[in-house]
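Student:
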Amino acid sequence: MYPSLKINSARIWSNLMQLSKIGGTDDGGVNRQALTQKDFEAQELCIFWANQFGLSISHDPVGNLFFQLKGKDPSLPVVMSGSHLDTQPTGGKFDGAFGVLAGLEAVRAIIESGVSPRRGIEIVAWMNEEGSRFAPGMMGSETFAGLRTLESIKKMTDQYGVSVEEELKELEKRFSFSEKRLLGQEVFCFVEAHIEQGPILEREGFPVGVVTGIQGVRRMRVRVTGDEAHAGTTPYALRRDAIEEASRAIEKLYSIFSNDETTRFTVGRLILKPNVPSVVASEVLFSIDLRHPDSEKLAEAERRVRIVISDAMERCMHKVWCIAASDTVMFDERILQTIENVSKTLGIPSTRIFSGAGHDARQMAHCCPTGMIFVPSCDGISHNVNEYTSQDDIISGTTVLCNVLAQLANSLDLI
Ligand code: HGY
Ligand code: MN
Ligand code: MN
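Below is the structure:
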């Protein structure tokens, strides 16, 4: 441990509040979606802070932003930390932002303490974790980890037909000063700090969660196709009503999964065609977000979803596909123990916790020993403008992260 390590509690909190103004909404939330001007402004503010303490700045081809503190031995793979700056459209001040700013504060405290680490430390802001503008989410970390190709990402478009490729060109122009780096690199280990986005830590009274793993997810899309017809003249027998049959399928799926405490089933997006009152709907495109901690049961749930939808169709055609699929990942026990030992030495109570929410750390677990540090979410609220974490908990989480990064950056191998 490094007694001289002191994070600046006022600075991390005021930086979080200042960052939340970029994309801030009147109701206290944040709408800062991936590769928008607001996202770029947030990157610029973080770069402004990072320049104050001499970190070098780089972007990779998929738009991930990196802040580097060089280590004494440049031949050693770096310790990496970070999260994301993009938010949901009705997002809060802390989801993602906490992990990036806690990482920057940790590195600044390490520099200010005079501890010069053996290994370099890199803080990353992953591109498009949320997947609200460009689906699927986690684009930046999945491409970094080699789980998706850059070409496939560039083709994705938002609801207005704007492609990732066009926005990456904008980013490159805006950040022409940023060093260009290759995709992917060897990483010694990755530790992400994040809000829990659930009620457990607050309910059990722990300021820090040592995350054991992340549950699996299927991000699915369903298209139901019928025929447009006149609402006044077309008899029921002649209709192929996409809304009638899609809603029958959705209702059946909700009735099945509402009785199942561990499977998480959500229809969050529904796009109708032609979406006008006096025309029978010809098409419904809807999303399904399906999650379960047991990968076998998740695969079983996916099979069940497909069967229920098929059985619900009477006259319409339908297609079901996955735009992203990840099984449950468990984090590296050595990282968990490092976080636990540091918390204990600092006198900050911690408990192990499994993550229901997805994070970029899921992808990094495919590349290197990975772990996460959670801080409590008040009332378990997240992906909601009322998302909140207390200043004390932000300070505890940042302090633990800072000491964990300092310890890992001075280790030749994990415990
Ligand atoms: O979907 C998720 O779990 C993440 O919060 N974006
Ligand atoms: Mn997040
Ligand atoms: Mn999120």
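Sequential numbering of the sequence shown, starting at 0, is according to numbering that gives the first Met the number 0.
Glycine is no exception: its CB is placed at the ideal position from the N, C-alpha and C atoms.
(1) Assuming contact is defined by CB atoms lying nearer than 8 Å, are H358 and H193 in contact in what I supplied?
(2) In terms of residues, what are the limits of the alpha helix (DSSP H) holding Q158?
(3) Within the continuous alpha helix (DSSP H) that includes T344, where are the two ends?
(4) Using a 10 Å radius around the Cβ and a threshold of 16 neighbouring Cβ atoms, would you call W320 buried or exposed?
(5) Tell me the rounded alpha-carbon separation between F187 and N409.
(6) Could you please give the first and the last residue of the uninterrupted alpha helix (DSSP H) stretch that includes A408?
(7) Return helix, strand or coil for V275, following the three-state DSSP convention.
(8) What do you reckon, is the C-beta of G91 under 7 Å from a heavy atom of ligand 1?
(9) Heavy atom of ligand 3 less than 7 Å from the Cβ of D26, yes or no?
(10) Decide if V176 is buried, meaning its Cβ has at least 16 other Cβ atoms within 10 Å, or exposed.
(11) Starting from D288, trace the beta strand (DSSP E) both ways and give me its first and last residue.
(12) Starting from R303 and walking both ways along the alpha helix (DSSP H), at which residues does that stretch end?
(13) Within 10 Å of its beta-carbon, does K5 have 16 or more other beta-carbons around it, so buried, or fewer, so exposed?
(14) Helix, strand or coil: how does DSSP classify A124 here?
(15) Using CA coordinates, which residue listed in V123, V278, G62 and D157 is at the minimum distance from F189?
(16) In the DSSP assignment, find the alpha helix (DSSP H) that holds T142 and state where it starts and stops.
(17) What does a CB cutoff of less than 6 Å around V163 pick up in its chain, not counting 5 residues either side in sequence?
(18) Our contact map puts L170 next to P60 with C-beta atoms below 8 Å; I'd like the distance itself, whole angstroms only.
(19) May I have a chain-ordered list of the alpha helix (DSSP H) segments no shorter than 4 residues that lie completely inside the segment 348-385?
(20) Per the contact definition of three or more C-beta pairs closer than 8 Å, is the segment 109-119 in contact with the segment 203-219?
(21) For K69, which residues in the same chain have their Cβ closer than 7 Å to its Cβ, ignoring the five residues on either side in sequence?
(22) Pick out every residue whose C-beta is nearer than 5 Å to a heavy atom of ligand 2: which are they, in chain order?
(23) Only counting the same chain, and skipping five residues up and downstream in sequence, which positions put a Cβ closer than 7 Å to that of I21?
(24) Below 8 Å on the Cβ atoms is my guess for V307 versus L269; work out the distance and round it to an integer in Å.
(25) To the nearest whole angstrom, what separates the beta carbons of V210 and S354, a pair I think is in contact under 8 Å?
(26) May I ask you to check if the CB of Q214 is nearer than 7 Å to at least one heavy atom of ligand 3?
(27) Count the other CB atoms, across all protein chains shown, that sit within 10 Å of the CB of P2; report buried if there are 16 or more and exposed otherwise.
(28) Is it true that the CB of V266 sits closer than 8 Å to the CB of S281?
(29) Between Q67 and S55, is the Cβ-Cβ spacing less than 8 Å?
(30) What distance in whole Å lies between the Cβ atoms of I372 and V328, which are believed to be in contact at a cut-off of 8 Å?
(31) Is it the case that the CB of E141 approaches a heavy atom of ligand 1 more closely than 7 Å?
(32) Which residue marks the beginning of the alpha helix (DSSP H) containing E43, and which one marks its end?
Tutor: On the basis of the coordinates in this document:
(1) yes
(2) Premise fails: Q158 is in no alpha helix (DSSP H) and is neither H nor E.
(3) E332 to L345
(4) exposed
(5) 11 Å
(6) Q390 to A408
(7) coil
(8) no
(9) no
(10) Here residue 176 is Phe; the residue named in the question, Val, does not match the sequence. By the neighbour-count rule (16 or more Cβ atoms within 10 Å), F176 is not buried but exposed.
(11) E282 to H291
(12) S294 to A311
(13) exposed
(14) strand
(15) V123
(16) M138 to F143
(17) F133, I152, K153 and M155
(18) So it is not a contact: roughly 10 Å between Cβ atoms.
(19) 360-363
(20) no
(21) G119
(22) D94 and G95
(23) R31, K37, E40, A41 and L44
(24) Going by Cβ atoms, the distance from V307 to L269 rounds to 17 Å, so no, they are not a contact pair.
(25) 5 Å
(26) no
(27) exposed
(28) no
(29) yes
(30) That belief does not hold up - the Cβ atoms of V328 and I372 are roughly 16 Å apart, past 8 Å.
(31) no
(32) Q36 to Q51
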